[in-house]
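One structure is given here, and the rest of the page talks about it.
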Amino acid sequence: MAQTVKINVTVNGRQYEREVEPRLLLSDFIRHDLGLTGTHVGCEHGLCGACTILMDGEAVRSCTIFAVQADGHEIQTVESLGTPEKLHPLQEAFIEKHALQCGFCTPGFLMTILDYLGDNPNPTEEEIREAIDGNFCRCTGYFNIIEAVKLAAEKMASH
Amino acid sequence: MKPAPFDYYAPTSVEEALATLQNLGYDGKVLAGGQSLIPAMNFRMARPAALVDLNKVKELFYIKPTDDGGLAIGTMTRDSLVEKDRLVAERFPIVPFVVKHIAHPQIRNRGTFGGAIAHADPAAQIPALSVALKARFLVRKQGGERWVNAEDFFMGPFMTVLAPEEMLAEVVLPPMAKGSGASYQQVSRQKGGYAQAAVISVVVVDENKRCKDARVVLFSVGETPILSQAASKILVGNVPTAEAIAEVAEKISKDEVDPGTDIHGTAEYRRHLVKVLVRRGLTEAFERAK
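Taken in order, these protein sequences are the chains called A and B.
Residue 28 in the numbering used here sits at position 28 of the first sequence, with consecutive numbering throughout.
Residue 260 in the numbering used here sits at position 260 of the second sequence, with consecutive numbering throughout.
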């Protein structure tokens, strides 16, 4: 029987207590144990950025953190952003600027940008490019994503 | 793409961490930011029997000024903090500039300054930076400690002088000398990707613009960060001319680096990059030196 560890994690404002194997990745914990499948798993080695979440408010890749390491921390996933009835301004901006096609990478982009706009609410285009350089998108060619970040910055400033 | 099972330890103090490492011996592996180790475990290229996770050891997260004008950086300090810290930028402007080139924002939010050094990836920035800045490392084990100079620390790709029961606890950067200038040059295929070749140059000039010190450290073109001997031999004592800088660049690319060929570039191309980057780097460093 493999060792398990009891962890207490707050995810999207809700507290969870779970027993996990130390080798369980945070990405798998979020998807399989908590059923929050908005966080996507792409490369599983820290390259593609699809699994980006916020841990204590900072964008990190959930595939290169173990679930046990989230013990005592606050996690935010894409499910925390908006609802279909009331989208987050960042999500609205992605729709309005057609910043997604297949949508696989989108949750990772949204969480990365959410953290970034919190620190830098009025970025230049160059800064936006740097902010998203850790996220792959294989559909859009990035141009519409950059446009969406600009629009989201405007929307979030006026909110 | 799932890691093999391992025993997990999450000490909350340095003492506890050192005792755990002592007990585990060769089975123990320190987990710092995990941005290299966990991917390697996902691939099962690394299968440590036990991990000693330092993320709960609060006393290892700090950036402190030293009285002489340098800095002491706790091993677990996140790269993103080093990148944004005002004191670091003030005392070592080259440091945030180099750190910004490490991978991507999400990785810098998690990766640690000391972890990158202990991991000793030949393509990583922080090991080379520590050599260029004459950093000293505080290495601790249960009941003892020692100081190791950065240039004596790296033994080979992913190999250092650390024994299994030892831990890199602190990185001390001595103050930049008066008349210093520094430059970082790299070429990589994409932003945040591994450099095909890179060089960190730190020079010191006197009031007559004569070179007093020239530390040129290459990486991604050999098994460890490479501190050039030719640079100090040719430059120190002289006013650095374009010809002298070109001579250094030529000599380093020919004799001092040992690049390999892979899908990102041939050895020959990398030698060419080294020549160009050393020339640009030294030129910029001397321009900045004051």
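Backbone N, C-alpha and C fix where the C-beta goes; we use that ideal spot for every residue, glycine too.
Where residue i falls, given that 16 or more other Cβ within 10 Å makes a residue buried
i         : result
B:Ile-263 : exposed
A:Tyr-116 : buried
B:Lys-134 : buried
B:Lys-64  : exposed
A:Ser-27  : buried
A:His-159 : exposed
B:Ser-305 : Because chain B is modelled from 1 through 290, residue 305 of chain B falls outside the range shown and cannot be assessed.
A:Gly-42  : buried
B:Pro-105 : buried
B:Gln-190 : exposed
B:Ala-302 : Chain B is shown only over 1 to 290; residue 302 of chain B falls outside these bounds and no answer can be derived.
A:Phe-143 : exposed
B:Asn-208 : exposed
A:Gly-141 : exposed
B:Arg-270 : buried
B:Ala-4   : exposed
B:Phe-43  : exposed
B:Gln-125 : buried
A:Leu-25  : buried
CB contact check: residue i to chain A, cutoff 8 angstroms
i         : result
B:Ile-263 : no
B:Lys-29  : no
B:Pro-39  : yes
B:Asp-7   : yes
B:Ala-103 : yes
B:Gln-35  : yes
B:Pro-3   : yes
B:Gln-196 : no
B:Asn-208 : no
B:Asp-67  : no
B:Arg-110 : yes
B:Asp-85  : no
B:Asp-53  : yes
B:Gly-192 : yes
B:Gln-125 : no
B:Ile-107 : yes
B:Asn-42  : yes
Residue i: CB within 7 angstroms of a non-hydrogen atom of the ligand NAD
i         : result
B:Thr-224 : Looking at this structure, you won't find the ligand NAD or any other ligand, since it has none at all.
Closest residue to residue i among the options (Cα-Cα distance)
i         : options                                       : result
B:Asp-229 : B:His-101, B:Asp-213, B:Thr-75 and B:Pro-157  : Note that residue 229 of chain B is Gln in the sequence shown here, rather than Asp. That would be B:Asp-213, whose Cα lies nearest to the Cα of B:Gln-229.
B:Asp-7   : A:Val-60, A:Leu-110, A:Gln-3 and A:Val-9      : A:Gln-3
B:Thr-77  : B:Phe-97, B:Thr-224, B:Lys-56 and B:Ile-94    : B:Lys-56
B:Ile-252 : B:Val-216, B:Tyr-269, B:Ala-267 and B:Ala-128 : B:Val-216
A:Gly-38  : A:Gly-57, A:Leu-25 and A:Val-78               : A:Val-78
B:Tyr-9   : B:Pro-3, B:Ala-17 and B:Lys-2                 : B:Ala-17
B:Tyr-194 : B:Ser-220, B:Val-203 and B:Thr-241            : B:Ser-220
B:Val-30  : B:Thr-75, B:Lys-2 and B:Pro-3                 : B:Thr-75
B:Ser-36  : B:Val-161, B:Ala-123, B:Ser-13 and B:Val-203  : B:Ala-123
A:Ser-80  : A:Leu-114, A:Glu-17 and A:Phe-143             : A:Leu-114
A:Ala-50  : A:Glu-147, A:Gly-35 and A:Thr-112             : A:Thr-112
B:Ser-80  : B:Asn-109, B:Ser-201 and B:Met-176            : B:Asn-109
A:Ile-145 : A:Asn-120, A:Glu-74 and A:Leu-100             : A:Leu-100
B:His-272 : B:Pro-5, B:Gln-196 and B:Gly-111              : B:Gln-196
A:Ile-53  : A:Leu-151, A:Ala-152, A:Ala-131 and A:Val-11  : A:Val-11
B:Thr-12  : B:Pro-3, B:Pro-39, B:Leu-54 and B:Gly-34      : B:Leu-54
B:Phe-137 : B:Met-167, B:Val-205 and B:Val-276            : B:Met-167
B:Val-205 : B:Val-199, B:Ser-188, B:Gly-222 and B:Lys-178 : B:Lys-178
A:Asp-119 : A:Gly-82, A:Glu-85, A:Ala-157 and A:Cys-102   : A:Ala-157
B:Lys-100 : A:Val-5, A:Ile-75, A:Ala-131 and A:Pro-121    : A:Ala-131
Contact with chain B by residue i, beta-carbon distance below 8 angstroms
i         : result
A:Pro-107 : no
A:His-45  : yes
A:Gly-49  : yes
A:Thr-112 : yes
A:Ala-2   : yes
A:Val-149 : no
A:Val-9   : no
A:Val-5   : yes
Any chain E beta carbon closer than 8 angstroms to residue i
i         : result
B:Ser-220 : The chain inventory of the structure shown lacks chain E, comprising the protein chains A and B.
* To do: Evaluate the contact criterion for the region 57–74 of chain B versus the region 145–160 of chain B: three or more CB pairs, one atom per stretch, below 8 angstroms.
  => no
* Where the region 122–141 of chain A meets chain B: residues whose CB sits under 9 angstroms from a CB there -> Close to chain B, meaning a Cβ-Cβ distance shorter than 9 angstroms, are the following residues of the region 122–141 of chain A: Arg-129, Glu-130, Ala-131, Ile-132, Asp-133, Gly-134 and Asn-135.
* Tell me, please, whether the region 199–219 of chain B touches the region 231–240 of chain B by the rule of three or more beta-carbon pairs shorter than 8 angstroms. => yes
* Counting Cβ pairs closer than 8 angstroms, one from the region 171–189 of chain B and one from the region 247–259 of chain B, do we hit at least three? -> no
* Asked: Are the region 121–138 of chain A and the region 66–75 of chain A touching, with three or more C-beta to C-beta distances below 8 angstroms?
  -> no
* **Contact the region 36–50 of chain B vs the region 77–93 of chain B: 3+ CB pairs below 8 angstroms** => no
* Asked: Taking one C-beta from the region 118–134 of chain B and one from the region 47–61 of chain A each time, how about it: are there three or more such pairs within less than 8 angstroms?
  -> Result no; under three Cβ-Cβ pairs closer than 8 angstroms.
* To do: Indicate whether the contact test is met: 3 or more Cβ pairs, each with one atom in the region 14–21 of chain A and one in the region 93–109 of chain A, closer than 8 angstroms.
  => no
* To do: Tell me, please, whether the region 177–189 of chain B touches the region 264–280 of chain B by the rule of three or more beta-carbon pairs shorter than 8 angstroms.
  => yes
* May I ask you to verify whether the region 82–97 of chain A touches the region 30–37 of chain A, counting CB pairs closer than 8 angstroms and requiring at least 3? => no
* Asked: Any contact of the region 133–142 of chain A with the region 18–33 of chain B, i.e. 3+ C-beta pairs under 8 angstroms?
  -> no
* With 9 angstroms as the limit, tell me which residues of the region 50–71 of chain A have their beta carbon closer than that to any beta carbon of chain B; keep them in chain order. => Thr-52, Met-55, Glu-58, Ala-59, Val-60, Arg-61, Cys-63, Thr-64, Ile-65, Phe-66, Val-68, Gln-69 and Asp-71
* To do: Please list the residues of the region 15–34 of chain A that have a C-beta atom closer than 9 angstroms to any C-beta atom in chain B, keeping them in chain order.
  => Glu-21, Pro-22, Arg-23, Leu-24, Leu-25 and Asp-28
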